[in-house]
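This report refers to the structure that appears directly beneath it.
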Amino acid sequence: MALIALTGASGRIATALRPRLRAAGHRLVLCDAPDAVGDALRDVDPATERVVEADLRDIDAHASAFAGADLVVHLGAHSDERPWDEILAVNIDGTRAVCEAARLAGVGRMLLASSVHAAGYVPVDSPRAREGMPLPAPDTYYGVSKAALEAIGGLYAGRFAMTVVSARIMTFDDRPGGPRSLQSWLSPDDMTRLVLAALTTGVPGHHVVWGVSRNTRRVVDLAPGLAIGFDPQDDAEAHASEVERRDPSRPPGVLGGSFADTAYVLGEPHGGTRPGP
Numbered sequence: 241m242a243l244i245a246l247t248g249a250s251g252r253i254a255t256a257l258r259p260r261l262r263a264a265g266h267r268l269v270l271c272d273a274p275d276a277v278g279d280a281l282r283d284v285d286p287a288t289e290r291v292v293e294a295d296l297r298d299i300d301a302h303a304s305a306f307a308g309a310d311l312v313v314h315l316g317a318h319s320d321e322r323p324w325d326e327i328l329a330v331n332i333d334g335t336r337a338v339c340e341a342a343r344l345a346g347v348g349r350m351l352l353a354s355s356v357h358a359a360g361y362v363p364v365d366s367p368r369a370r371e372g373m374p375l376p377a378p379d380t381y382y383g384v385s386k387a388a389l390e391a392i393g394g395l396y397a398g399r400f401a402m403t404v405v406s407a408r409i410m411t412f413d414d415r416p417g418g419p420r421s422l423q424s425w426l427s428p429d430d431m432t433r434l435v436l437a438a439l440t441t442g443v444p445g446h447h448v449v450w451g452v453s454r455n456t457r458r459v460v461d462l463a464p465g466l467a468i469g470f471d472p473q474d475d476a477e478a479h480a481s482e483v484e485r486r487d488p489s490r491p492p493g494v495l496g497g498s499f500a501d502t503a504y505v506l507g508e509p510h511g512g513t514r515p516g517p
């Protein structure tokens, strides 16, 4: 069927996507930095997968890797807070390089992994979250990089007539881990549905959507995703009793959770405290 290129192929999201996309009949190009491949990509299926080792900012290497692809799924990035120079080099310059490589390779569709942290200071009870899509309100340097990713996606969609989906991924995991994730969970199966929507949507242009499952306690709007054919099916409520038994605390009042807390130090991995969802 389709040829799909994944950046950040050794990461958690790509690792969950790979068997699901292969089962749907798709072939994959797995792109990651040489020092990131290692053990994470030892289970490559040579019949359906090809590995490309390249720095995220290497435009020529990625343009070659993307040749013939129907969709580029850009997942490569630092996935939490880092010093500004590291965020700039990998998350911002890397995104621009991937988009330029896709353009040079003639790829007409991209799915870019944005984050809820691009809008981390939006209150969970805000009408801006519940209806439509709020403007960026980043909570960290990491959040700024994801707002920049959305802007770059919009540029490439507008200037080069590409179809670009920027997905504000909320809490991706096998199952919800805490009270906040009962609102924000994105299941692996629904992440796969999001990729397939970006692959098949007939709506051109740039689209910012929430990467979230159909959770009963969801505080964001599914309508932007539904408009491109992303119809999530899973619900964190199936895990609610287990989550609440383990942690009965209330979820935070802003979308970014602990990333938006004043104790979360800008430029420090995990805010200098602990990993956030």
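Quick note on numbering: our numbering labels position 4 of the sequence shown as 244, and the sequence is numbered without any gaps.
Virtual Cβ for every residue (Gly too), placed ideally from N, Cα, C.
| Secondary structure of residue 451, DSSP reduced to three states | strand
| request: Just grab the DSSP bridge partners of residue 292 for me. | output: 271
| query | What does DSSP give as the partner residues of residue 363 in its beta bridges? | reply | 494
| Which residues does DSSP pair with residue 324 in a beta bridge? | Residue 324 pairs with nothing; no bridge assigned.
| said: Quick check: what's the CA-CA separation for residue 292 versus residue 361? | reply: 37 Å
| In three-state DSSP terms, what is residue 318? | coil
| request: Pick helix, strand or coil for residue 243, following the three-state DSSP scheme. | output: strand
| So, is the C-beta of residue 301 closer than 8 Å to a C-beta in chain B? | In the displayed structure, chain B is absent; only one protein chain is listed.
| task | With a threshold of 16 other CB atoms inside 10 Å of the CB of residue 241, please say whether the residue is buried or exposed. | result | exposed
| task | For my contact list, residue 425 and residue 453 are in at a C-beta cut-off of 8 Å; report their separation, rounded to the angstrom. | result | 5 Å
| said: Taking its Cβ as the centre, do 16 or more other Cβ atoms sit within 10 Å of residue 489, making it buried, or is it exposed? | reply: exposed
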